[in-house]
Every structure is written in C-alpha cells, then in structure tokens.
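Heads up: the sequence shown is residues 0 to 73, going by numbering that gives the first Met the number 0. What follows is a short report on a single structure.
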Amino acid sequence: MKEYKTISLNRAAVLLSCGIKLLRIEDSKKGKQFVFEYSPKVDELINDFLNGSLNCNIKVFIDNIRQLKDILLS
C-alpha cells in the first residue's frame, strides 16, 4: 500500500477533512509525521489547497486541526 507522509498540520487536516484515511502518526527527524493512505486524490487535494481552490467544510477542517493538535500534545 502506498502512503503519503507530511509534517504539516494543515495538510493533514485537509486530508482528514476530505476523507483520506490517517494510518498513523510517527516520529521523524523534523518532529511528528502524519501518514495517510495514498491515492491520486491526495495529490489533487494538496494542489487545490496550496492554490486556494479547495472546497472544504471549514468547521470540519477546524475540528480536525484541534483533534490533531490534541493527539500531538498528548
């Protein structure tokens, strides 16, 4: 199975908010790393996010940021 890894909290929240499965959070040299199940949709979502054209439920996005922060700080 292919994986997508990121240390970006915002990218992780975007992927979670759009239904991409979070597999685990692991340690890396730069801190915690979010590991997601990869699909071609991941590239499209990240590109849309970076270009400012992503349509996403902002409440779900904010809730996911809070949830991920809680996980990181626990």
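All residues carry an ideal CB built from backbone N, CA and C; glycine is no exception.
Residues near residue i by beta carbon distance below 8 angstroms, same chain, minus five either side
i, result
"L44", "V13, L14, C17, I19 and L53"
"Y37", "M0, K1, E2 and Y3"
Selection from the options that minimises the alpha carbon distance to residue i
i, options, result
"E2", "D42, R65 and K68", "D42"
"A11", "P39, K28 and R65", "R65"
For residue i, the first and last residue of its enclosing beta strand (DSSP E)
i, result
"L21", "L21 to S27"
Cβ-based burial, residue i [other Cβ within 10 Å; buried from 16]
i, result
"N67", "The displayed chain sequence assigns Leu, not Asn, to residue 67. Its Cβ being crowded by 16 or more others within 10 Å, L67 is buried."
"N63", "buried"
Beta-carbon proximity list for residue i, same chain, < 7 angstroms, skipping 5 on both sides
i, result
"E25", "Q32 and V34"
"S27", "I6"
Where the alpha helix (DSSP H) containing residue i begins and where it ends
i, result
"K40", "P39 to N50"
Beta-carbon contacts of residue i that lie in its chain and below 6 angstroms, excluding the five residues immediately before and after
i, result
"F48", "V13"
Exercise for review: Report yes or no: do the segment 23-38 and the segment 4-11 share at least 3 C-beta pairs separated by less than 8 angstroms?
Suggested key: Three or more beta-carbon pairs drawn from the segment 23-38 and the segment 4-11 are found closer than 8 angstroms, and the two stretches are therefore classed as touching.
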